[in-house]
Structure formats: structure tokens, C-alpha cells
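Numbering (the numbering used here), first residue to last: 1 to 232.
Note that CB positions come from ideal geometry on N, CA and C, so glycine has one too.
In this text, all values refer to a predicted model and were calculated from it rather than measured experimentally.
Report on one structure; see the data block that follows.
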């Protein structure tokens with residue numbers, strides 16, 4: 001009985017040792033697989049960033065040559081390869097603006113300013129996109145942000161002067177509408193009530209850039225504007 005018992009214990013010990021060795025081998029294999037996966041992931045990320053920059057360079061060359069739709073494809077691909085590239089989104093916005101797609105330009109430029117909040121060029125592109133979308137008050141506020149970020153203010157100050165001129169023209173149009181309403185008339189067959197609503201809307205928009213105290217109120221007008229739709 002004793003001999004038999006000893007034989008069984010030896011077999012059990014050998015069995016346990018074998019399982020431990022197999023376990024160690026499995027752990028080693030898993031660690032190697034994880035290291036390889038991390039290496040490939042890092043390499044893939046690096047490849048995407050490098051490819052994105054290459055696509056941006058090619059897109060810029062095409063844009064300078066006036067081949068805007070081809071350039072847009074390159075910038076689209078660059079943004080897909082590296083969604084964190086503010087430059088790729090800003091370049092997309094510039095081309096979209098040239099292609100008369102201001103709403104899409106606003107969306108792209110907004111992403112760029114979100115990714116790079118201190119980048120003056122992104123804010124300036126957003127301001128130009130907002131202006132082309134028919135939102136000069138929003139454009140003026142954005143251009144002022146660009147001015148606060150830039151170290152070369154000349155281009156931004158010129159843009160601000162241009163936008164301010166448009167805002168003043170809007171204000172003059174508002175005063176003209178007010179005079180028509182006061183006389184009880186209506187342009188184009190509209191009613192005084194219709195003109196009153198237009199006046200109220202324009203007055204709030206103008207307050208957005210002429211009165212700091214009314215900024216909070218004017219922000220309520222952003223429903224349906226680029227900022228409102230891109231608040232994800």
C-alpha cells in the first residue's frame with residue numbers, strides 16, 4: 001500500500017508541474033500577442049497621421065491650382081485618416097467656402113476651432129463661413145476671437161472692418177423697416193405684424209454685437225445656426 005501511495009503522489013506532482021508549465025507558456029504567449037497588438041496599433045496610428053499629412057499637402061497643391069473638387073476629396077480623406085487634425089478640417093472648410101457650400105464650411109471650421117481653440121486661422125475661416133451663411137453678427141464675434149488669438153492682426157482686423165460694415169448695413173435696413181412699420185405700410189405686401197417680427201429678430205441679432213449686456217439674449221437666436229447644430 002505504501003509503495004502504491006508513493007507512486008500515485010509522484011504522478012500527481014508530475015501532473016501539477018506539467019499544468020504549471022503549460023500555464024506559464026500560455027501567459028507568455030498572451031503577453032507576446034498583446035505586445036504585438038500594441039505595436040501594430042501604434043504603427044497603424046502613425047501611418048494614418050503620416051498619410052493624412054501627405055493627403056493635406058496634395059490637396060493644398062490642387063486647391064492652389066484651382067482644382068477645388070479634387071482638393072476637397074483629398075482633404076476629406078485626410079480628415080477621415082486623422083479626425084483629430086484641425087488643419088485637415090480647416091482646409092476642408094476653405095475649399096467648401098470656395099465651392100459655395102457655406103453651411104458645410106461652417107461645420108468643418110467649427111470642428112477645427114474645437115480641436116484647436118487657440119488657432120487664429122481656424123476662427124477666421126469660421127467667421128468667413130458664417131458671414132457667407134448670412135450671419136454677420138456671429139461672424140463678427142468669431143472674428144474677434146481670431147483677433148485675440150493671432151500674432152499678426154492685419155488680416156483679421158481687415159476682415160472685422162468688412163464684417164462691421166455689413167452689420168451696419170443690416171442696422172440701417174432695420175431702421176428703414178421700422179420707418180415703414182411706423183407709417184403703417186408694408187413692403188412686398190407684407191403686414192405690419194410680419195415686419196414687426198423681422199424687426200425683433202434683427203434687433204436681437206444686432207444687440208449681439210452692440211451690447212454686451214444682451215449677449216445672453218442674442219445667443220438664443222443660435223437655434224438652427226452652426227454652433228447650435230454642432231454642440232455634440
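Thinking C-beta only, is residue j closer than 8 angstroms to residue i?
| i | j | result |
| --- | --- | --- |
| residue 125 | residue 93 | yes |
| residue 88 | residue 56 | yes |
| residue 105 | residue 127 | no |
| residue 155 | residue 122 | no |
| residue 95 | residue 72 | yes |
| residue 78 | residue 101 | no |
| residue 99 | residue 68 | yes |
Where do the N-terminal and C-terminal ends of the alpha helix (DSSP H) with residue i fall, by residue?
| i | result |
| --- | --- |
| residue 129 | 120-132 |
| residue 144 | 136-149 |
Which of helix, strand or coil does DSSP assign to residue i?
| i | result |
| --- | --- |
| residue 99 | coil |
| residue 65 | coil |
| residue 84 | coil |
| residue 71 | helix |
| residue 164 | helix |
| residue 155 | helix |
| residue 183 | coil |
| residue 93 | helix |
| residue 236 | The requested residue 236 does not occur in the structure, where the chain is confined to residues 1 to 232. |
| residue 116 | coil |
Ignore the nearest five residues each way along the sequence and tell me which others in residue i's own chain have a CB closer than 8 angstroms to its CB.
| i | result |
| --- | --- |
| residue 84 | 115 |
| residue 66 | none |
CB-CB under 7 angstroms to residue i, same chain, minus the five flanking residues each way: which ones, in chain order?
| i | result |
| --- | --- |
| residue 220 | Here residue 220 scores only 38 on pLDDT, less than 50, and its place in the model should not be relied on; the value that follows carries that caveat. If we look at residue 220 and ignore the five residues flanking it on each side, it has no Cβ neighbours. |
| residue 70 | 62 |
| residue 82 | 48, 49, 52 and 88 |
| residue 153 | 147 |
| residue 151 | none |
| residue 59 | 71, 74, 75, 78 and 91 |
Leaving aside the five residues before and after residue i along the sequence, list all residues of the same chain whose C-beta is less than 6 angstroms from its C-beta, in chain order.
| i | result |
| --- | --- |
| residue 136 | 163, 166 and 167 |
| residue 112 | 86, 89, 90 and 122 |
| residue 210 | The predicted position of residue 210 is uncertain, since its pLDDT is 46 and thus under 50; a value taken from the coordinates is nonetheless stated next. Within the same chain, residue 210 has no close Cβ partners at all. |
| residue 138 | 130 |
| residue 120 | 146, 149 and 150 |
Of all Cβ atoms in chain C, is any one closer than 8 angstroms to the Cβ of residue i?
| i | result |
| --- | --- |
| residue 142 | In the displayed structure, chain C is absent; only one protein chain is listed. |
The region 158-171 contacting the region 130-140, beta-carbon criterion three pairs below 8 angstroms: yes
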